[in-house]
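At the far end of the sequence shown sits residue 256, using the numbering used here, and the numbering has no gaps. Ideal Cβ placement from N, Cα and C applies to all residues, glycine included. Worksheet: one structure, shown below.
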Amino acid sequence: MTERTLESELSGIRALILDIDDTIVDTRAAMAEAGTHAAGALWPERTGAHRDMAQRYYDDPGRWFHRYAAGEISIERMRLERLGDVASAFGVQLPGDGVERYLAAYVPAFRRAQRLFDDVPDLLATAARLGIDVALLTNSTTADTSIKLEALGLAERFADLIVTTDTFGFGKPDPRVYREVCRLAAADPAVSVCIGDSLEWDVLGAMRAGMRAVWLDRGGQGEATAEVSRVESLSEITAALADGHGRFGTAAGDR
């Protein structure tokens, strides 16, 4: 099999399909900040543990978010189970109205905590200059995605170019969501590249759907292989697009 380099993945592309959480938006930090605030509102007696509670909710050791993304459970059940796990791990009770109280504190704090990664604006500007369409594919809900994009001033830009779990009732890695986002971007999957932080969802799932893919490994903890193109910053993609504009007019050969 031909080695997958960044240049080969970008050659001749017509669309960039970007993941949102921890790819263009610092969701880990936002969830930690908002979750710490919400845990404090729900369990004020556990002073000093609220940050760790928020981290456990984010880590989701029971993989409830994966079950939600697969369409196996509702968003309400997912949230209930994750909060129940936090309560059990820290020896506290989850009140009957615990999810509602948690969300009442969490949502406004989450909105305030939204931050766009510094390497995103240049990538979007370069894609626009080169005539490459950009669409978003996320396993988050429409409501949560709207919070993020509205807070960052991106809602209008991507209004008709987003696929969430609400689109079909499931998300990545089902091949239908990749095909749908390519349809919205008016680009064939073969000339569309999916970029995201999840090797499972944003790379391998996209490749199985007939797309190209680049793994964004911001922490630099992953291992580069011939089968997967890996970068540590979106700036690498921006630079490759800008430097290779003259070479990227024709799709790559045998893949």
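Contact between F118 and D27 holds, with the beta-carbon distance rounding to 6 Å and staying under 8 Å. If you look at R47, you'll find it isn't in any alpha helix (DSSP H); DSSP assigns it neither H nor E.
Within the same chain, Y179, C195 and A214 come within 7 Å of A207 by CB-CB distance, once the 5 residues on both sides are set aside. Burial is judged here by how many other beta carbons sit within 10 angstroms of a residue's own beta carbon; P122 has fewer than 16 and is exposed.
Looking at the backbone, the Cα of V108 and that of D23 are separated by about 18 Å. DSSP lists no beta-bridge partner residue for A40. Beta-bridge analysis with DSSP links R213 to V194. Secondary structure at V93: coil, using DSSP grouped into helix, strand and coil.
L17 is positioned such that its CB atom lies closer than 7 Å to that of A128. For V108, the enclosing alpha helix (DSSP H) covers residues G99 to R113.
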